[in-house]
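Asker:
Residue numbers (our numbering): 446 to 732.
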């Protein structure tokens, strides 16, 4: 099924993101983790392409395994910053062969020590190529607090509108920790005429080092409530994990109460986290 049809159902969706292995010797363990997450029966799952496409060789294999073995629809990430148009065409043909209908079009990062391929500058260009290549349902990324490279929020929304006008049919947000940032972004997007479904991307805080790394990469701000949690429990891994999951559940409950169309949970390939959060939302999502 196409993601746009799933998102247009009359209830908030819950989807999970997983990532492929970095090396072949961890493929089996990563595949097992992603399959355990798929067994929770989310509305769909996304499979990342890796920074700079570094793990792209495994994306299609993991995505196809999830879809074929568990019947869970899959959204395959595809980045273009370091790709040629020929490579993108090859990946899309591979996805077609595996029966994968959904692609998340991303600019992505330049791999460390690498260089851009110069065929693509923006994700909107990739969206156009995917649309021309076949009958894919195309998703795009959005940034509640603005993209790090965007000079201001107005420019960020303008570029997002260009992405949607190019053919992106739904959007998945970057992680954020203050729901008011997301609701303000959503209002700006709707005023600008961006009327496609938008899923809120939520990442549970499981360790201080991992969240500091993610914040430095994407520019998400930490609200006072979360900084207090990190200060209190940061040196106690089990306590921080418990508090971080509770914070994510609270975020999601508030987002659903505010009418969000879907939640995309960044699982970090941890089935226990996905299960705990999904289990806590059963009644909330049915209201």
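No residue lacks a Cβ here, since even glycine has one placed at the ideal position from N, Cα and C.
1. Please work out which residues of its chain come closer than 7 Å, Cβ to Cβ, to residue 569, disregarding the five sequence neighbours upstream and downstream, and give them in chain order.
2. For a minimum of 3 consecutive residues, which ranges assigned as the beta strand (DSSP E) are wholly contained in the segment 640 to 673?
3. Should the segment 660 to 673 be called in touch with the segment 613 to 632, which here means at least 3 C-beta pairs below 8 Å?
4. Nearest by alpha-carbon distance to residue 450: which of 719, 519, 566 is it?
5. Could you give the C-beta distance for residue 528 and residue 503, rounded to a whole number, given that I count them as a contact under 8 Å?
6. For residue 461, which of 548, 668, 517 has the nearest alpha-carbon?
7. Nearest-angstrom Cα distance between residue 682 and residue 600?
8. Tell me whether the beta-carbon of residue 615 lies closer than 9 Å to the beta-carbon of residue 644.
9. So, using beta-carbon positions, are residue 551 and residue 536 closer together than 9 Å?
10. Reducing DSSP to helix, strand and coil, say where residue 509 ends up.
11. What residues in its chain sit with their C-beta under 7 Å from that of residue 530, if we drop five residues either side in the sequence?
12. For the alpha helix (DSSP H) containing residue 689, list its first residue and its last residue.
13. Is it buried or exposed, residue 579, if we count other Cβ atoms within 10 angstroms and call 16 or more buried?
14. Where do the N-terminal and C-terminal ends of the beta strand (DSSP E) with residue 549 fall, by residue?
15. If you draw a straight line from the alpha carbon of residue 496 to that of residue 593, how long is it in whole angstroms?
16. How about the segment 648 to 658 and the segment 631 to 639: do they share at least three Cβ pairs that are nearer than 8 Å?
17. For residue 471, which of helix, strand or coil comes out of DSSP?
18. Quick check for students: name the residue ranges of the alpha helix (DSSP H) that lie wholly in the segment 566 to 639, counting only runs of 4 or more.
19. Smallest Cα separation from residue 720: which of 483, 458, 471, 446?
20. Determine whether the beta carbon atoms of residue 510 and residue 479 lie at a separation below 9 Å.
21. For residue 515, which residues of its own chain have a beta-carbon under 6 Å away from its beta-carbon, when the five flanking residues on both sides are left out?
22. Since residue 459 is in the beta strand (DSSP E), which residue starts that stretch and which ends it?
23. Can you tell which of 472, 604, 465 has its C-alpha closest to the C-alpha of residue 586?
24. Considering only heavy atoms of the ligand GTP, does any lie closer than 8 Å to the CB of residue 725?
25. Look at the Cβ atom of residue 723, then the Cβ atom of residue 487, and state whether they are nearer than 9 Å.
Answerer: Based on what the coordinates show:
1. Cβ neighbours of residue 569 beyond the five flanking positions: 607, 608, 611.
2. DSSP runs (the beta strand (DSSP E)) wholly in the segment 640 to 673: 643 to 647.
3. By the Cβ criterion, the segment 660 to 673 is in contact with the segment 613 to 632, since at least three pairs of Cβ atoms, one from each stretch, lie closer than 8 Å.
4. Nearest neighbour of residue 450 by Cα position, chosen from 719, 519, 566, turns out to be 519.
5. Incorrect: roughly 16 Å between the Cβ atoms, too far for contact.
6. Nearest to residue 461 by alpha-carbon distance, out of 548, 668, 517, is 517.
7. Each residue's Cα considered, the two are about 39 Å apart.
8. Yes, they are a contact pair.
9. For residue 551 and residue 536, no; Cβs fall outside 9 Å.
10. Residue state, collapsed to three classes: helix.
11. For residue 530, where only same-chain residues beyond five positions count, the Cβ hits under 7 Å are 564, 574.
12. Per DSSP, the unbroken alpha helix (DSSP H) holding residue 689 starts and ends at 682 to 702.
13. Flag for residue 579 reads exposed.
14. It spans 547 to 551 - the beta strand (DSSP E) in which residue 549 sits, taken as one unbroken run.
15. Residue confidence is low: residue 496 scores 46 on pLDDT, short of 50, so the model does not pin down where it sits. Its coordinate-derived value is still stated next. In this structure, the alpha-carbon of residue 496 lies about 16 Å from that of residue 593.
16. In short, these stretches do not touch, since the Cβ pair count stays below three.
17. Helix, per DSSP.
18. Scanning the segment 566 to 639 for uninterrupted alpha helix (DSSP H) segments of 4 residues or longer gives 568 to 578, 598 to 611, 624 to 636, listed from N- to C-terminal end.
19. Distances from the alpha-carbon of residue 720 to those of 483, 458, 471, 446 put 483 closest.
20. It is a contact, given that the beta carbons lie within the stated cut-off.
21. The answer, listed in chain order, is 483.
22. Following the DSSP letters along the chain, one finds residue 459 inside the beta strand (DSSP E) bounded by residues 458 to 463.
23. Considering only alpha carbons, the answer is 604.
24. What this structure holds is no ligand at all, so the ligand GTP is not there to describe.
25. Taking a C-beta distance under 9 Å as the contact criterion, residue 723 and residue 487 qualify as a contact pair.
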